[in-house]
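Enquirer: Quick note: the first sequence uses the numbering used here, first residue 36, plus one each step.
Note that the Cβ used here is the ideal one computed from N, Cα and C, for glycine as well.
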Amino acid sequence: MILGQEFYFQKTEKVAKELLGKILYFKNDSDKVFSGRIVETEAYTGIEDPAAHSFGDRKTERTKTMYLEGGHAYVYLIYGMYNCLNFVTRYEGHPEAVLIRALEPVHHSSEKPSKKDLHTNGPGKLCRYFGITRKQDGLKLWKKRSGLWVEDDGFQVSPKQIVRAPRIGIDYAGDAALWPLRFYLKDSFWVSRP
DNA sequence: AGTGAGATGGCCT
DNA sequence: GGCCATCTCACTA
Numbered sequence: 036m037i038l039g040q041e042f043y044f045q046k047t048e049k050v051a052k053e054l055l056g057k058i059l060y061f062k063n064d065s066d067k068v069f070s071g072r073i074v075e076t077e078a079y080t081g082i083e084d085p086a087a088h089s090f091g092d093r094k095t096e097r098t099k100t101m102y103l104e105g106g107h108a109y110v111y112l113i114y115g116m117y118n119c120l121n122f123v124t125r126y127e128g129h130p131e132a133v134l135i136r137a138l139e140p141v142h143h144s145s146e147k148p149s150k151k152d153l154h155t156n157g158p159g160k161l162c163r164y165f166g167i168t169r170k171q172d173g174l175k176l177w178k179k180r181s182g183l184w185v186e187d188d189g190f191q192v193s194p195k196q197i198v199r200a201p202r203i204g205i206d207y208a209g210d211a212a213l214w215p216l217r218f219y220l221k222d223s224f225w226v227s228r229p
């Protein structure tokens, strides 16, 4: 079942947690479909989160996507060469989002993990592998027609499997660097770091 | 195992 | 001009 827009209206931390185990799909311009099970996310909680682009209610050309209502994709360029995929959460004017940090390749789920399959164990890498760029910024995730959507295939995640930890790569954010807003599946081979 | 540097360009003050 | 929600490779040991 595709996740409807209401899913993304929930509290950002909840969305980040509940996305674990869901399947991300992306259909590119050549109709090639990529997919992967989400195993790692991070919540960025808006104007009071020093690590968020929207901190201090900074609405700019780049961040305006975050101000849309929940369910839109927010894609931005980082370090001049990598794209990062986020899902906007909450309501219009409440610029919060969830960063998708790592996927488990679905076709490899029952095979022995190997190094050559490590294309999606990081936010920059998964976008590079799928071909997701800022052209996908603003897409509506609740519509399959947009080419970017999320499905629940019934995969069960028990609370015991979920690890909460500080977010990655935001040392500049002071105390917020310690906030436990990163979620990942315990013991997953495919998370960006152990 | 852990550390460090370079690539590379848009964003923001 | 400085910084960055990253990744890879090249060191050290």
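1) Between which two residues does the beta strand (DSSP E) holding E53 run?
2) Quick one: residues in its chain with C-beta nearer than 6 angstroms to the C-beta of G166, no 5 flanking neighbours on either side, listed in chain order?
3) Does S70 come out as helix, strand or coil in the three-state DSSP assignment?
4) In the structure shown, what three-state DSSP assignment does E104 receive?
5) Alpha carbons only, please: which of P215, R125, K175 and D152 is nearest the one belonging to I82?
6) Is it right to say R199 is buried, meaning 16 or more other beta carbons lie within 10 angstroms of its own, or is it exposed?
7) Quick check on Q291: buried or exposed, where buried means 16 or more other Cβ atoms within 10 Å of its Cβ?
8) Suppose the cutoff is 6 angstroms on Cβ atoms and the five residues either side in sequence are ignored; what does the same chain contact list for Q196 look like?
9) Between which two residues does the beta strand (DSSP E) harbouring Y117 extend?
10) What does DSSP give as the partner residues of P215 in its beta bridges?
11) Which of helix, strand or coil does DSSP assign to P140?
12) One question on the structure: do A137 and S227 come within less than 7 angstroms of each other, judged by their Cβ atoms?
13) Thinking C-alpha only, which one of L176, T168, K94 and G209 is nearest A108?
14) Do you know offhand how far V123's Cα is from A132's?
15) Roughly how many angstroms separate the alpha carbons of G159 and K178, rounded to a whole number?
16) What's the gap between the Cα of L174 and the Cα of P229?
17) Whole angstroms is fine: what's the gap from R72's alpha carbon to K49's?
Expert: Quick look at the numbers:
1) In the DSSP assignment, E53 falls outside any beta strand (DSSP E) and lies within the alpha helix (DSSP H) extending over T47 to E53.
2) Taken in chain order, the residues that qualify are N63.
3) DSSP places S70 within a strand segment (E or B) once states are collapsed to three.
4) E104: coil per DSSP, three-state reduction.
5) Ranking P215, R125, K175 and D152 by Cα distance to I82 puts R125 first.
6) Classification for R199: exposed.
7) Nothing in the structure corresponds to residue 291, since the chain is present only between 36 and 229.
8) L220 and K221.
9) Judged by DSSP secondary structure, Y117 falls within the beta strand (DSSP E) whose first and last residues are Y117 to T124.
10) According to DSSP, P215 bridges with nothing at all.
11) P140 sits in a strand when the DSSP states are folded into three classes.
12) The answer is yes: Cβ separation under 7 angstroms.
13) For the residues L176, T168, K94 and G209, the minimum Cα distance to A108 belongs to L176.
14) Distance between the alpha carbons of V123 and A132 is about 4 angstroms.
15) Near 24 angstroms, if we compare the C-alpha coordinates of K178 and G159.
16) Across the structure, L174 and P229 are spaced so that their CA atoms are roughly 31 angstroms apart.
17) Going by C-alpha positions, R72 is about 17 angstroms away from K49.
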